[in-house]
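Undergrad:
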Amino acid sequence: MAAPRRDTRGIVDAAALFAHVDFRRRMPAEPLRPYLEHYWLIDWDLSQPYASHVVPHPSVNIVFQWYAGQEPFAEVSGVGLELSAHKLEGRGRVCGIQFRPGGFRPFRPGRPVSHWTGRRLPLTDVDAAAVLTPDDEDARVAALDAFLLALGPHPDPQADLAMSLVDRVRTDRTIRRVTELARSEGLSVRLLQRLFAAYVGVGPKWVILRYRIHEALEHAESGTGVDWATLATTLGYADQAHLIRDFTSTVGVPPTAYARAVH
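According to the numbering used here, the residues represented by the sequence shown are 95 to 357, in order.
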């Protein structure tokens with residue numbers, strides 16, 4: 095059985111998050127795996143409020159949420175364009191579905207994925223309590239499987255192409271510019287941009303830059319000395335100053351200050 099990824103890319107100060115909440119990842123049913131990164135499950139019981147921060151992935155999430163004293167609810171969370179903050183207090187539970195970039199549209203084929211970008215929209219056609227109520231974690235995962243399998247997925251070769259292209263951007267460090275990605279696939283830049291808008295929700299340039307920041311964030315949290323000039327070159331930046339500017343505008347502090355703070 096495939097295991098969910100174990101990296102903490104995108105989570106700001108992951109150690110602090112794991113100290114405050116019970117965070118797990120689980121794999122979906124086999125037919126869903128081509129389209130999903132994983133499920134993510136969080137439970138907490140806090141005596142003091144805690145705020146988590148995330149540099150979002152280029153992924154759509156469906157999030158089932160319960161907070162003590164409130165009714166369970168679900169929403170579609172489109173690709174987040176900025177650092178997101180989530181205040182947690184008291185008791186609560188979240189069961190999230192993280193789609194692969196490009197993997198959401200086969201379940202909601204009626205709209206381009208850019209419709210959800212930067213937005214959190216309620217899901218009214220689902221029983222959120224059926225997912226959130228079971229104390230047994232396997233039962234919650236089974237409920238997520240049942241929910242998604244009832245929606246689809248609807249086969250779509252363009253979605254397959256979009257997922258493949260984003261995987262290349264994530265894993266191939268030689269892809270540093272949109273023109274390089276388009277040329278390698280025999281596509282025009284305009285066609286590539288249209289594909290990403292329809293199936294990923296953001297443009298290819300945004301995806302390239304976001305994965306750079308994720309990798310820089312992971313290096314900053316590694317606990318070892320980081321040669322930022324060398325890392326900037328490795329990630330395809332023209333110089334260290336460009337990396338520092340992108341990191342600071344995304345995370346809110348320069349990378350060296352962030353590294354000091356988390357250690």
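Ideal Cβ positions, reconstructed from N, Cα and C, are used throughout, including at glycine.
These figures come from a predicted structure and were not determined experimentally.
Do the region 268-279 and the region 309-323 meet, that is, are 3 or more Cβ pairs less than 8 Å apart?
TA: Short answer: they don't touch.
Undergrad: Rounded to the nearest angstrom, what separates G104 and A110 at their Cα positions?
TA: Going from the Cα of G104 to the Cα of A110 covers about 14 Å.
Undergrad: According to DSSP, is S316 helix, strand or coil?
TA: Coil.
Undergrad: Does DSSP put R304 in a helix, a strand or coil?
TA: DSSP places R304 in helix when its eight states are reduced to three.
Undergrad: Is DSSP giving A332 helix, strand or coil here?
TA: A332: coil per DSSP, three-state reduction.
Undergrad: I need the DSSP call for L337, collapsed to helix, strand or coil.
TA: L337: helix per DSSP, three-state reduction.
Undergrad: DSSP on R354, reduced to helix/strand/coil?
TA: Residue state, collapsed to three classes: helix.
Undergrad: Between R103 and the ligand SAH, is there a pair consisting of the residue's CB and a ligand heavy atom that are separated by less than 6 Å?
TA: Annotation note on the ligand SAH: not contained in the displayed structure, which lists no ligands.
Undergrad: Are P152 and V301 closer than 7 Å when you measure CB to CB?
TA: It is a contact, given that the beta carbons lie within the stated cut-off.
Undergrad: Taking 6 Å as the limit between beta carbons, can you name the residues of its chain near G297, skipping five residues before and five after?
TA: Cβ within range, chain order: Q287 and F290.
Undergrad: Considering L130, what are the terminal residues of the beta strand (DSSP E) in which it resides?
TA: Run containing L130: L130 to V148, per the beta strand (DSSP E) assignment.
Undergrad: Quick check: the Cα distance between P195 and I269, rounded to an integer number of angstroms?
TA: The alpha-carbon atoms of P195 and I269 are separated by roughly 17 Å.
Undergrad: Do you know how far the Cα of T324 is from the Cα of S258?
TA: So the alpha carbons of these two residues sit roughly 28 Å apart.
Undergrad: For the 8 Å Cβ check, are there 3 or more pairs between the region 210-221 and the region 148-168?
TA: Touching, per the Cβ criterion.
Undergrad: By Cβ distance, which residues of its chain are closer than 6 Å to R213, with the 5 residues on each side in sequence left out?
TA: Excluding residues within five positions, the ones whose Cβ falls inside 6 Å are G172.
Undergrad: Looking only at its own chain, which residues have a Cβ that is under 7 Å from the Cβ of V235, when we skip the five neighbours before and after it?
TA: Here the set comprises R120 and Y133.
Undergrad: Beta strand (DSSP E) containing E183: first to last residue?
TA: It spans S178 to F193 - the beta strand (DSSP E) in which E183 sits, taken as one unbroken run.
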